[in-house]
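Visitor: Here the protein sequences line up with chains A and B, keeping their order.
Whatever position you read off the first sequence (first residue = 1), add 43 for my numbering.
Whatever position you read off the second sequence (first residue = 1), add 43 for my numbering.
We put the CB at the ideal spot given by N, CA and C, even for glycine.
Please read through the structure below; I'll follow up with questions.
Protein chains: 2
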Amino acid sequence: MILEAAVLNVIAGQEAAFEAAFQQASALIAATDGYNGHQLQRCLEKPSQYLLLVHWRSLEDHTQGFRGSARYLEWRALLHHFYQPFPTVEHYTLVMAQTPKP
Amino acid sequence: MILEAAVLNVIAGQEAAFEAAFQQASALIAATDGYNGHQLQRCLEKPSQYLLLVHWRSLEDHTQGFRGSARYLEWRALLHHFYQPFPTVEHYTLVMAQTPKP
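What follows is the structure, encoded as structure tokens:
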């Protein structure tokens with residue numbers, strides 16, 4: 044299991060339009076083989092900054108499966124014009140996780 | 044619900060020691076009122092880089108509850124010497140989340 048993480052800096056004033064476009068774009072990523080869920084989080088300290096987290100079965104499901112698909116062209120057209128600067132996308136593997144004791 | 048996120052850059056060569064110290068430090072954060080789980084992720088592209096994600100009931104549970112506690116002094120002593128540069132910690136609220144269709 045791989046976690047894709049990207050800090051997204053959206054052009055100030057375009058946050059609502061970005062969030063609406065992101066809702067629409069979500070179906071594109073969710074239709075990918077190996078997709079295991081995603082979330083969009085908005086920063087309290089910097090309200091034009093978002094954190095995108097996507098769970099993938101493997102790195103290649105993202106880098107080849109999704110990015111190599113026609114749906115990625117739609118994703119790009121919907122979202123990439125909101126970003127300034129263009130985000131760095133990184134991938135992570137879990138070291139440890141803990142949940143609260145019941 | 045608040046997500047605390049911090050990109051942690053660990054001094055190269057100290058990754059294993061950091062991970063062991065982090066396991067030990069986890070009990071300190073988990074004992075905090077309002078703690079709702081955390082995970083440590085390691086970057087594939089930059090193996091000295093980690094992503095810490097902590098779920099909190101509220102911002103203050105982290106900034107006042109945990110950081111104001113004696114356990115935070117232990118956390119700092121266990122972990123802060125591994126970081127170069129010192130990390131920026133940010134807080135996020137959920138915009139949207141989606142899981143795969145069954």
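Buried or exposed: which applies to B/Phe65, given that a residue is buried once 16 or more other Cβ atoms fall within 10 Å of its Cβ?
Guide: Burial call: buried.
Visitor: Taking the CB atoms as reference points, tell me whether A/Gly80 and B/Gln84 lie closer together than 8 Å.
Guide: no
Visitor: Who are the neighbours of A/Ser69 on chain B, taking C-beta pairs under 9 Å?
Guide: Met139 and Gln141
Visitor: Where does A/Thr75 fall in DSSP's three states?
Guide: coil
Visitor: Under 7 Å between beta-carbons, which chain B residues line up against A/Gln57? List them in chain order, please.
Guide: Under the 7 Å cutoff, chain B gives no residues; its nearest Cβ is about 14 Å from A/Gln57.
Visitor: List, in order along the chain, the chain A residues whose C-beta lies closer than 7 Å to that of B/Asn52?
Guide: The contacting residues do not exist; B/Asn52 stays about 12 Å from chain A at best.
Visitor: Verify whether the separation of the beta carbon atoms of B/Met44 and B/His98 is less than 8 Å.
Guide: yes
Visitor: Please identify, using Cβ separations under 8 Å, the residues of the segment 100-130 of chain A that lie next to chain B, in order along the chain.
Guide: Residues of the segment 100-130 of chain A that bring their beta carbon within less than 8 Å of a beta carbon in chain B comprise Leu102, in sequence order.
Visitor: Return the CA-CA distance between B/Cys86 and B/Glu117, expressed in angstroms with no decimal places.
Guide: Inter-residue distance for B/Cys86 and B/Glu117 is about 26 Å (C-alpha atoms, whole angstroms).
Visitor: Look at A/Leu137 and B/Gln57 and say whether their C-beta atoms are less than 8 Å apart.
Guide: no
Visitor: Just checking my contact of B/Leu121 with B/Ala70 at CB under 8 Å: how many whole Å lie between their CB atoms?
Guide: Incorrect: roughly 10 Å between the Cβ atoms, too far for contact.
Visitor: Is the separation between the beta-carbon of B/Val53 and that of B/Phe129 shorter than 8 Å?
Guide: no
Visitor: Around the Cβ of A/Thr154, are there at least 16 other Cβ atoms within 10 angstroms (buried) or fewer (exposed)?
Guide: No answer is possible for residue 154 of chain A: it lies beyond the span of chain A, which begins at 44 and ends at 145.
Visitor: If we cut at 8 Å on Cβ distances, does B/Ala49 have a partner in chain A?
Guide: no
Visitor: Checking the sheet assignment: what are the DSSP bridge partners for A/Ile45?
Guide: A/Trp99 and A/Thr136
Visitor: So which residues on chain A does B/Ala73 lean against when the C-beta distance must stay under 8 Å?
Guide: Gln141, Pro143 and Lys144
Visitor: Express the C-alpha separation of A/Leu51 and A/Gln92 in angstroms, rounding to a whole number.
Guide: 6 Å
Visitor: State yes or no: is the C-beta of A/Ala48 within less than 8 Å of the C-beta of A/Glu133?
Guide: Cβ distance < 8 Å, so A/Ala48 and A/Glu133 count as in contact.
Visitor: Would you tell me roughly how many angstroms separate the C-alpha atoms of B/Gln32 and A/Tyr135, rounded to the nearest one?
Guide: This structure leaves residue 32 of chain B out entirely; chain B is present only between 44 and 145.
Visitor: Does DSSP put A/Leu87 in a helix, a strand or coil?
Guide: The answer is coil: DSSP assigns A/Leu87 none of H, G, I, E or B.
Visitor: Looking at the unbroken alpha helix (DSSP H) that takes in A/Arg114, where does it start and where does it end?
Guide: Ala113 to Leu122
Visitor: Classify B/His105: buried if its beta carbon has 16 or more other beta carbons within 10 angstroms, exposed otherwise.
Guide: buried
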